[in-house]
Structures are given as C-alpha cells and as structure tokens.
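Numbering (my numbering), first residue to last: 113 to 244. To start, the structure under review is shown below, and the notes come after it.
Set out below in structure tokens:
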C-alpha cells in the first residue's frame, strides 16, 4: 500500500509538467503568429507606399526631362522620409527609325525597417515614349 501512495504524487507532478508545457507552447505559438502578422502588415504597407513613391519619381523624371537636358536628368535620388529612399536612372533606347526617343526609366525604392535588419527594396521600370 505504501507503493501506491508514493506513486500518486509523481503522477500529479507529471500532469502539472504537461499542463505547464502545453500552456507555454500555446503562448509561444500565439506570440509567433502575432510577429508574423506584424511582418505581413509591414510588407503590405511598404509595397503600397513604394508604388506611390515610384509614381511620384516617374512624375519628377518626366518634369525634369521636359525642363532640362537628358544629361542633367540621367540620374537622381530622393529621400522621402528617414526610412524611404528612392533613385532613378534614365537610359535611351536606340531606334534610328523614329524622330523621337524612347527612354527607359528604372526606379528603385528602398527602406530600412525597425522590425528587422534587412532593407526592403522595390523596383519599377517604365518606358517613356516620344521625348525629343
């Protein structure tokens, strides 16, 4: 009878261990899913904001080409905020049959995030037709 009494507290401690282990696993899983949701939200924000910045950069490049020479507007970089930086490059597409030139506009937007050490990058390419 003393054997039965001595094994009963060991089963109670085993159940307590399993219960605490299951609670800690549930807590870790919920923290991990919350962290993933933050990263997904950050990526969606970066994508939408970068598309808006790319459209603004395209407008700046077109305005520069209309006002100044191609060599002046060939490359430019802008800083929108302390976290978003953008730059563009212009390249002439050679086609001798046309009187006007087609220009290739490459835009790159990158951001440094506070959640990770990896910079986020966004690239967009436009073909600007009919510039003298």
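Beta carbons: idealized from backbone N, C-alpha and C, even for Gly.
Provide the residue span of the beta strand (DSSP E) that contains residue i, from first to last.
i	result
residue 214	213–223
residue 186	Where residue 186 is concerned, there is no enclosing beta strand (DSSP E), given that its DSSP letter is neither H nor E.
residue 192	That residue, residue 192, is in no beta strand (DSSP E); it is neither H nor E in DSSP.
residue 240	232–243
Can you give me the Cβ contacts of residue i inside the same chain, cut-off strictly under 6 Å, excluding the 5 residues immediately before and after it?
i	result
residue 169	198, 200, 219
residue 240	215, 217
residue 132	none
residue 162	221, 234
Can you name, in chain order, every residue of its own chain whose Cβ lies under 7 Å from the Cβ of residue i, other than the five neighbours on each side?
i	result
residue 113	Only weak support is given to the placement of residue 113: the predicted model assigns it a pLDDT of 47, under 50, and the question is left unresolved by the model.
residue 150	227
residue 242	212
residue 115	The pLDDT assigned to residue 115 is 49, lower than 50, so where the model puts this residue is not dependable, and the model offers no usable value.
residue 137	none
Around the C-beta of residue i, are 16 or more other C-beta atoms found within 10 angstroms, so that it is buried, or is it exposed?
i	result
residue 173	buried
residue 204	exposed
residue 165	buried
residue 126	exposed
residue 140	exposed
residue 177	buried
residue 142	exposed
residue 145	exposed
Who are the Cβ neighbours of residue i in its own chain at under 8 Å, not counting the five residues just before and after it?
i	result
residue 158	223, 225, 232, 234
residue 155	232
residue 186	201, 202
Exercise for review: Mind the definition here: the segment 187–196 touches the segment 221–235 only if three or more C-beta pairs lie below 8 Å; say whether that holds.
Suggested key: Between the segment 187–196 and the segment 221–235, the count of Cβ pairs shorter than 8 Å is three or higher; the stretches touch.
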